[in-house]
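Protein chains in written order, with our numbering: chain A, 1 to 402; chain B, 1 to 402. Every residue gets a Cβ at the ideal spot worked out from N, C-alpha and C, and that includes glycine.
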């Protein structure tokens, strides 16, 4: 549905919506474990919630498509993941709380090691320390001299990763990566992908050449590789789209960054699960939408740590009564995508969802897992349809048409 | 699917399709009642039909979107509810059987009371009687003098509601409402939303000014408030789109109006359920598509009358054998949207559907209710996809592609 049409149906309300997002929660069966991570986990509170809710499966982006964290989260927040496909540079920048403007073109920097012939011999510069990273960023920032009209900002992220921001009028993001993606060859030339980006490509060539000189005396981080150029554009906020004052509770910078892009207020002082659930209760009076992000399910999945992922699910289950005690009008528990421990990576599999409200149709699903939720009232639906459903169950949408 | 493509696949036939539409039939559980209205109703005939049919859930317009009667019915007839989002004025006019032309711009009139400073003090003029309404419409009609090129028609609806029709060449519907939607302030100025509508806006301003003078001596209905301006456009008929001679059997004017917009023949002499089912039998030889509309399920739902809605469902169930005795080739039983008694209003919830034909895949569903039909062969599908399915089961579509 056209988001503007949806916005036109908004009606003011005081209802509260909570999204608990277990990153990568979906899985597939591992035979030796007797099921998927969710099937094996003991989670009485989540199962009881499923029993009184509408359940179903979320298709993150499109059948067979494995999403990154950007598209899968945008979809959950109701933003078309194809339209709002965000560059890696932007994601890194927002992830370190860097305040981007609409005059910025951003790219991710990987510090690398090149040999005296200019061939890349280590694409990660031996994973230099955060301290070295910060020192090198300051060194570049202090010595670079590009055009007078364009500001250059170099911000460290961690290890060998940093962010390049070019700020000025008329810059374009259509620039090819310079990262050759393998070792033994030279970095690629910065090339404009469209004629309108030629000016920006010239600047980037100048940036690369100067950086190489400035870093020539470094033993490891003596070169920059650039990826994911993109021009920053302003996103419609959740306030504008849905009339919601939204709070993001996320321990990991990237998810805070995505939240900030859609206009959420972002708490930066949380790190443990206990912190996150406490923050939800502490701020419950002050907002009407809450995004509580749990990273560990995804991390354990990527590590192939089936039991570890099960343990995280069981830990979240123990916090659920605290959430229900707040009596949110709409409570959604789901993930952004699947990260089956069996695959040690994100995957395309649909993942289960619980949607609770006093206005939900209660279906026969009694367990929160990939197989049980197949029979749910929500069916299998694209993640991007979740926000309209949540708003409806929160009684925040009026009738369409006479 | 593109409706023109569908039309290109039509093949002539003598098969007959019956749609029994229980308005607002879908519900959600009321705990104290032990289920939804459909789950609680004793309906052996509907359940037996479900047992030998394909079942599923209809999504009226889009997930989370609560439709009005216009969009939800257009969708059932296979007309995109976003493309054919009809203005309130048009719906009112067609609802009173007023024959619109393509030269007409229509708006709904609410007679209101203003004080001597021109502030609205009662937006419904104390809900004047139908008789007063008719008298005031005649009074306006007799005294108004607008442009020589434009005909003005004022038609009473009921209580404080009437319809304004401006008929002439080049009129536009892009005019803002003058109804301020609250009391204590003056009516809004009629404003053109696009430059091309300036001429029509001038006419509307003149109409409002003259009306105010003509009604000055009325104690209650001394002002007109206008809403839902729209230009009438011709809709492709079901005959053109589907090759069907369609008959509408509906007791309520608005549904007769919608049926007329899509080119159905409309019976106006029915009022009770008994009338409606008798009319179906009486005219069964003469048409090949039948829309039988039952309003009472929606009315009871809007009243919050769970038991009353159950009783209507049970009454319809008793008529079902009469319908099956006619041996329609395709028999669909469903609704246009949900109106849960628990919510006392239309809602966004998907609603169950039975599609019977000798060519349907029989699924395991044995009961006609929201929860049982989740497991049906039709899955959850947008209402707008129902007509192609009905045509297919009636063997009225040929193969697509070689």
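Residue from the options whose Cα sits closest to the Cα of residue i
i: residue 276/B; options: 46/B, 93/B and 247/B; result: 247/B
i: residue 289/A; options: 394/A, 356/A and 232/A; result: 394/A
i: residue 375/B; options: 383/A, 364/A and 369/A; result: 364/A
i: residue 37/A; options: 370/A, 385/A and 377/A; result: 370/A
i: residue 136/A; options: 343/A, 158/A, 117/A and 321/A; result: 158/A
i: residue 383/A; options: 60/A, 22/A and 211/A; result: 60/A
i: residue 377/A; options: 23/A, 53/A and 41/A; result: 53/A
i: residue 224/B; options: 109/B, 82/B, 143/B and 357/B; result: 109/B
i: residue 238/A; options: 74/A, 24/A and 40/A; result: 74/A
i: residue 219/B; options: 151/B, 148/B, 133/B and 270/B; result: 133/B
i: residue 72/A; options: 388/A, 366/A and 335/A; result: 335/A
i: residue 304/B; options: 346/B, 314/B, 315/B and 266/B; result: 346/B
i: residue 85/A; options: 272/A, 352/A, 396/A and 235/A; result: 235/A
i: residue 255/A; options: 294/A, 280/A and 229/A; result: 294/A
i: residue 427/A; options: 245/A, 311/A, 97/A and 47/A; result: Because residue 427/A is not part of the residues shown, which for chain A are 1 to 402, the question remains open.
Backbone CA spacing between residue i and residue j [nearest angstrom]
i: residue 348/A; j: residue 45/B; result: 43 Å
i: residue 260/B; j: residue 285/B; result: 20 Å
i: residue 101/B; j: residue 233/B; result: 8 Å
i: residue 168/A; j: residue 145/A; result: 14 Å
i: residue 302/A; j: residue 8/B; result: 51 Å
i: residue 28/A; j: residue 199/A; result: 48 Å
i: residue 55/B; j: residue 354/B; result: 5 Å
i: residue 31/A; j: residue 350/B; result: 37 Å
i: residue 25/A; j: residue 81/A; result: 19 Å
i: residue 191/B; j: residue 89/B; result: 17 Å
i: residue 299/A; j: residue 340/B; result: 43 Å
i: residue 143/B; j: residue 164/B; result: 15 Å
i: residue 251/A; j: residue 91/A; result: 16 Å
i: residue 83/B; j: residue 2/A; result: 12 Å
i: residue 33/B; j: residue 368/A; result: 26 Å
i: residue 415/B; j: residue 320/A; result: It is not possible to answer for residue 415/B, since the shown part of chain B is limited to 1 through 402.
i: residue 297/A; j: residue 272/A; result: 13 Å
i: residue 177/A; j: residue 103/A; result: 20 Å
i: residue 215/B; j: residue 130/B; result: 17 Å
i: residue 361/B; j: residue 18/B; result: 18 Å
i: residue 149/B; j: residue 171/A; result: 56 Å
i: residue 205/B; j: residue 278/B; result: 49 Å
i: residue 98/A; j: residue 63/B; result: 36 Å
C-beta contact flag for residue i and residue j at 7 Å
i: residue 263/A; j: residue 10/A; result: no
i: residue 106/B; j: residue 112/B; result: no
i: residue 380/B; j: residue 22/B; result: no
i: residue 357/A; j: residue 333/A; result: no
i: residue 114/B; j: residue 221/B; result: no
i: residue 76/A; j: residue 386/A; result: yes
i: residue 43/B; j: residue 328/B; result: no
i: residue 173/B; j: residue 231/B; result: yes
i: residue 258/B; j: residue 292/B; result: no
i: residue 197/A; j: residue 175/A; result: yes
i: residue 68/A; j: residue 253/A; result: no
i: residue 183/B; j: residue 227/B; result: no
i: residue 314/A; j: residue 41/A; result: yes
i: residue 118/A; j: residue 186/A; result: yes
i: residue 35/B; j: residue 396/B; result: no
i: residue 153/B; j: residue 140/B; result: no
i: residue 5/B; j: residue 388/B; result: no
Per-residue burial, residue i [other beta carbons within 10 Å of its own, 16 or more giving buried]
i: residue 156/A; result: buried
i: residue 401/B; result: exposed
i: residue 392/A; result: buried
i: residue 344/A; result: exposed
i: residue 166/A; result: buried
i: residue 201/B; result: buried
i: residue 359/B; result: exposed
i: residue 66/B; result: buried
field: Interface residues of the region 367 to 394 of chain B facing chain A [CB-CB below 9 Å]
entry: Listed by position along the chain: 370, 371, 374, 375, 379 and 380.
Interface positions of the region 117 to 128 of chain A facing chain B (Cβ-Cβ less than 8 Å), listed along the chain: For the region 117 to 128 of chain A, the set of positions with a beta-carbon nearer than 8 Å to some beta-carbon of chain B is empty.
- prompt: If contact means a Cβ-Cβ distance below 9 Å, which residues of the region 61 to 83 of chain B contact chain A?
  reply: Within the region 61 to 83 of chain B, the residues whose Cβ lies closer than 9 Å to any Cβ of chain A are, in chain order, 61, 62, 63, 64, 65, 66, 67, 68, 69, 70, 71, 72, 74, 81 and 82.
- prompt: Using a Cβ cut-off of 9 Å, which residues of the region 342 to 354 of chain B contact any Cβ in chain A, in chain order?
  reply: For the region 342 to 354 of chain B, which is checked against every Cβ of chain A, the residues closer than 9 Å are 342, 343, 345, 346, 347, 348, 349 and 350.
message: Short of 7 Å Cβ to Cβ, which residues in the region 29 to 51 of chain B face chain A?
response: For the region 29 to 51 of chain B, which is checked against every Cβ of chain A, the residues closer than 7 Å are 29.
- prompt: What residues from the region 321 to 335 of chain A come within 9 Å of chain B, judged by C-beta to C-beta, listed N to C?
  reply: Correct list: empty, as no residue qualifies.
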